[in-house]
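Input: a single structure, listed below in structure tokens.
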Amino acid sequence: MAPLHQYLLLSLLLFGLGLAGVMTRRNGLITLMGIELMLNAANLNFIAFWRHGPNPDAVEGVLLAMFAIGVAAAEVAVGLALVIAIFRRFRTVNLDEVQELKG
Amino acid sequence: MSKPLDFDAAEQLAMATGDVEPEQLDHDAPVSLPPPGPRYEAVPRAASPAIPEPEGELLEVSVGPHHPSTHGVFRMNVVLDGEKIVQLKPVFGYLHRNHEKLGEQTTYLGNMPYTDRLDYFCSLSNNWAYALAVEKLAGLKVPERAEYIRVITAELTRLVNHSSLVGFLLHDMGTMGTPLMYAFREREKILDAFEALTGARMMCNYHRFGGCRVDLPPGWLDQVRTIVDNFPRFIDEMERLLSENEVLIARTHGVGVLPPELAVNAGVTGPSLRASGINYDLRKVDRYGIYDRFQFRVPLGEKGDVYDRYMMRILEMRESVKILQQALRDIPEGPVIDPKVRLRNFTPPVGEAYGRIEAPKGELGFYLISDGSKKPYRYRIRPPSFINLTVLEDMCRGHTLADAVIILGAVDIVLGEVDR
Amino acid sequence: MSATFAILATWTVLAALGAMALRKPVHAALSLVGALMGVAFTYLNLGAEFITAVQVLVYVGAVAILIVFVLQLTRGEGVEGESLAVQPASLGLGIALLVTGGLIAAVVFLPDWRAAWPEKGDVALKRLGEVLMNRYVVALEAIGLLLTIAMIGAVLIALKRPDSQPPES
Amino acid sequence: MNALDQLFVNLKQAIVGWFPGEWRLGVSVVISAAAIVGVYAGLFAITTWIERKGLGRIQNRPGPNRVGPFGLLQPLADGLKALIKEDIIPQRADRLVHTLAPILAVVPVILALAVIPVGRNMVAVDLQAGLIFFFAMGGVKEIAVFMAGWGSRNAYSLLGSMRAIAQMISYEMPLVLSGLVVAMAVGSLSLVDIIEAQAGYYGGVLARWHVFTPWGLAGFLLFLVAATAEANRTPFDLPEGESEIIAGHMLEYSGFKYALFFLGEYMGLFGMSGLAITLFLGGWRAPFSFLEWIPSWMWFFGKLFAFIAFFVWLRGTLPRLRADQLMEFAWKFMLPMVLLDVVALALWQYTAHWSVPLAGLWRWVLSGGLMFVAYLGLARLISPRRRVGPRTYRFAE
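Protein chains in written order, with the numbering used here: chain A, 26 to 128; chain B, 5 to 424; chain C, 199 to 367; chain D, 868 to 1264.
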């Protein structure tokens, strides 16, 4: 097992990549995937801190990661449903082209 | 057109050669009418409905020509919305062999073996229909024993066809060929009998105008009797395995419904038509051959879906067994062919004739125009498979691709006959 | 740095890079699967096998599949053009770099992260279950409720309405 | 007897013992991995033979009988053919995705097989969360199916893979839930613990397998159906439904890649059967106390062969369902039944310490009755006969 800060650096790289994807890609699906990467980075932190934490009995890190995965699943379901709805309406999944706010 | 049609000259020629008497040109003889029933008015075929707004994009799939379940080289251009069929266009002709033109280039007798190759599952029925057309053309009489043999061979052919069809249909539903193998076991026995009788298992070439080619070999009737007596056991077995099967019911009920109006208007015949509830069986309507001597019933479906078409086959097999038992009991001794018929130099009088029989797949008709020469002037076939196939799109629309496969399977086509 | 971790980290970062940078959405999605698997094996490397299994089950088995399904449904195969969500592209990249750089600096320069805490054994699944069912039962139920609501909401959003017509343009 | 039972365990320990200390862990892992791959690949070869022979018997034909005695070398010939066949990649295919798919179809299945105990002390990896790990690896297979379908650039492949994925996702729910019922009863996700919990005998004779309890019987049947669907076997073999979409996602594959897909399929079948054995049929335990002298690994593989025979029988008998009927069955029948099975288990556990007369009988009536009534109700609900009713046929004279 590697030292804690290496896990944190890996998680940061993942977070940065996800953020860059969300910022620069215009495909709604890839944006969602970027968000997933960022959530994964956060989860990696939870687990790394849990593993390296001082309290040997604590399970909160694992629990938090589990809850985060659950929330992520819910978020993806809704997000993808939105993508489908947007595609139905505008025939595109490019976020740029979806600029109408009315109806 | 190779030469102009000159009826008078041809007729005179025929009369001069003394082959036939003029009164035997009975193409104007009244044909029996279909039985009374609801009158179906001809309605123009509905135009293909507009394709509704699809969920995603439409997917165009070419099913065939080497798809495992198109029963030969047949293609369906299917437009799918998800899994639903919105359009289906049958494409055929891959097996086109110029059959009708070939028939016009050979003698009447020389064409007989070609008819075997039409619907290669039912060569004996094809032979009979062709022989019937030529007999009508030349006004030949068939000896009693030959008529019985014809009925026996034709009904055996029906057993072969229907049992194999049930097997193929179930194979299309994905049974890994178990019912098919059971059906083929019975088919083998019947084909053995055909081989004993005609020397060939599938391309029998047995019927002749005015009778049959040779008399029955010794012991043949007993062989057939054994087959026929054991056949109901096979049907029972098949029904126990299939008719009550939950999956089969789920797959076939309400699938590919053919409304009776459409069936009549499209000229659908055979079990498919009767599955839609229309009482039309040429054996009862025309009473060709000696079918009026036998007691049998014509099963009729009520919904016209694939399950009804499947059940039609099963029930018709049971009726065929009844006919066979009666025919085997009553078959007389005597000649099997009219000795006056000169097969080699056969020259019918000028005229035209249409001979049709209830082939296992539907109405099989041969239309012949004679100009008095040794070759038919025009030779035309009404193939049941081909005409039954025309309603394929109407039956498939709105169903899934998996349903299209079994709907096609239940239509019962043989590509040799569709493409000719 | 152990060899296992080095391989895992390289793999994960490369796959994540692919997921964000590849032009074809399907390739990106498959690359995302690789990144998620990499994260899962990093969990295993950290000794959290239960979370590994859950990660694979939920992310690879469900989320990634859902994404490729939607990709197929929306035919998102087109190669992207120049237009970007944040204009210009360098601005978006800059923001991302700035945030990441700041966080990396925090990790590297704050010595606390490097403190050597004692090693410990794997968490007993039984204990996890007990905690989940006692102290965090409300949170668990909340997650369950959230998932249910999300599912119903997703179905309602994605449901095809007969009157939904594409706008005339 | 004990020596035979522990033959392979001792053998492995002896081999590991030859190596110096720091090597031992690695050697142990390599031996376990080699054993899993070798044994299950051999089983794959035997199974193809059994399947073809069995189908042959069902269909009144001899089956393979040319290569070797009784056609026993047929798998060898098949493998050789697959190896030397040309490997075709369609021109428009996505080469990388197309090539990776068959590999990804096999690897997770082998990983999943590693957690299944095949005998006393014979398990490659005893994970704490072995059950969840197994299901997780099943999820990875879906990605392989998608890659194969999408990477081939063929309408049939895409259609087939989408079908396959939809089916696998739908049946994963009842599969995982029926597995979790057992985990609930045992209180552990470790497969070794689950087998441990099925130790002992009713009345000193009949084993205390989970299948001999009402919730276990229901769970076993539900698991079996879901496993059939998950392993793409008849009547749920739509993903490769030969008569409809030809070979589905495997359509554009040839040669060894195609063989790899089949290896994956069959190993998946072994995995599912092995899990069913582990969860409900006592794993490597004997069914009766007087049969304990038979080595434990023989019991496991004996049960596995029984499952294979069962699947062959199904394949030779049943037609295939349609995609929408398959989904309907999963969501309207399997899922509620599995959820009710959790309730049945709760009833069973709750009444464990009852002190009324005939307590055992009452537990059965309560727990089993719930499942039976639910079955009757739901089966009526989805039965095709309810919708169509019996048919009568008219006859014209």
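Ideal Cβ placement from N, Cα and C applies to all residues, glycine included.
Within chain A, the residues that Ile293/C reaches when beta carbons sit closer than 7 angstroms: Met48
May I ask you to report which of helix, strand or coil DSSP gives Lys288/B? helix
Would you say Asn249/B faces chain D, with C-beta separation under 8 angstroms as the test? yes
Given a cut-off of 8 angstroms on the beta-carbon distance, is the pair Ala294/C and Leu64/A in contact? no
What does Thr1184/D touch in chain F if you count any residue whose Cβ is under 7 angstroms from its own? The question asks about chain F, but that chain is absent: this structure's protein chains are A, B, C and D.
Are Asp416/B and Leu266/B close, meaning C-beta to C-beta below 8 angstroms? no
Three-state secondary structure (DSSP) of Gln426/B: Summary: the structure shown does not reach residue 426/B, with chain B confined to residues 5 through 424, and so no result is reported for it.
With a cut-off of 8 angstroms, does the C-beta of Val156/C fall near any C-beta of chain D? Beyond the ends of chain C as shown, which are 199 and 367, falls residue 156/C; an answer cannot be given.
Please list the residues of the region 146-166 of chain B that have a C-beta atom closer than 9 angstroms to any C-beta atom in chain D, keeping them in chain order. none
Closer than 9 angstroms between beta carbons: that is the criterion. Which residues of the region 52-67 of chain A meet it against chain C? Asn52, Gly53, Leu54, Ile55, Thr56, Leu57, Met58, Gly59, Glu61, Leu62, Asn65 and Ala66
Hey, how far is the Cα of Val205/C from the Cα of Pro1081/D? Looking at the sequence itself, residue 205/C is Ile, so the reference to Val does not match. The straight-line gap from Cα to Cα measures roughly 49 angstroms.
Short of 7 angstroms Cβ to Cβ, which residues in the region 235-258 of chain C face chain D? Glu247, Phe248, Ala251, Val252, Val254, Leu255 and Val258
Answer yes or no: does any C-beta atom of chain C fall closer than 8 angstroms to that of Met1165/D? no
Excluding the 5 residues flanking Gly305/B on each side, which residues of the same chain have their C-beta closer than 8 angstroms to its C-beta? Arg278, Ala279, Ser280, Gly281, Asp312, Arg313, Met315 and Met316
Nearest-angstrom beta carbon gap, Thr1145/D and Leu1058/D [assumed within contact, 8 angstroms]: 5 angstroms
Along the chain, where does the alpha helix (DSSP H) that runs through Asp334/B open and close? Val310 to Asp334
Spatial neighbours of Ser281/C within its chain, please: CB distance less than 8 angstroms, with the 5 preceding and 5 following residues excluded, ordered by chain position. Caution applies to Ser281/C, whose pLDDT of 43 falls short of 50 and renders its modelled position unreliable; the value that the coordinates give is listed next. Within the same chain, Ser281/C has no close Cβ partners at all.
Which residues share a DSSP beta bridge with Cys216/B? His211/B
Could you list which residues in chain B have their beta carbon closer than 9 angstroms to that of Thr1101/D, in chain order? Gly178, Thr179 and Met180
Give me, in chain order, the residues of the same chain whose beta-carbon lies closer than 8 angstroms to that of Leu92/B; leave out the 5 immediate sequence neighbours on both sides. Met80, Asn81, Val82, Val83, Leu396, Glu397, Cys400, Arg401 and Ala408
Note down, one range per segment and in chain order, each alpha helix (DSSP H) of at least 4 residues found wholly within the region 108-139 of chain B. 116-120
Got a sec: is the Cβ-Cβ distance from Met1134/D to anything in chain C below 8 angstroms? no
Is the Cβ of Glu192/B closer than 8 angstroms to any Cβ of chain D? no
Answer yes or no: do His211/B and Asn131/B have a C-beta to C-beta separation smaller than 8 angstroms? yes
Spatial neighbours of Gly68/B within its chain, please: CB distance less than 8 angstroms, with the 5 preceding and 5 following residues excluded, ordered by chain position. Thr74, Val77, Phe78, Arg79, Met80 and Val95
Check each candidate in Tyr1217/D, Gly1006/D and Arg1152/D and name the one with the smallest Cα separation from Leu1073/D. Arg1152/D
Any C-beta of chain D within less than 8 angstroms: which residues of the region 296-314 of chain B qualify? Arg301, Val302, Pro303, Leu304, Gly305, Glu306, Lys307, Tyr311 and Asp312
Val990/D: first and last residue of the uninterrupted beta strand (DSSP E) it sits in: Neither: Val990/D is in no beta strand (DSSP E) and is coded neither H nor E.
Need the endpoints of the alpha helix (DSSP H) that Phe112/A sits in, please. Glu85 to Phe115
Determine the burial state of Pro34/B: buried for a count of at least 16 other Cβ atoms within 10 Å of its Cβ, exposed for fewer. Only weak support is given to the placement of Pro34/B: the predicted model assigns it a pLDDT of 45, under 50, and the value that follows is read from those uncertain coordinates. Label assigned to Pro34/B: exposed.
What span of residues does the beta strand (DSSP E) with Ser374/B cover, start to end? Gly366 to Ser374
Just to make sure I have the definition right: I need the residues of chain D whose C-beta is within less than 7 angstroms of the C-beta of Met185/B. Which are they? Gln926, Asn927 and Arg928
Since Ala1034/D contacts Pro1106/D with CB under 8 angstroms, what's their CB separation in whole angstroms? Per the sequence shown, the amino acid found at residue 1034/D is Gln instead of Ala. Confirmed, Cβ separation roughly 6 angstroms.
Just checking my contact of Arg287/B with Tyr295/B at CB under 8 angstroms: how many whole Å lie between their CB atoms? 4 angstroms
Put Arg386/B into one of helix, strand or coil per three-state DSSP. strand
State the DSSP-derived secondary structure class of Ser1121/D, mapped to helix, strand or coil. coil
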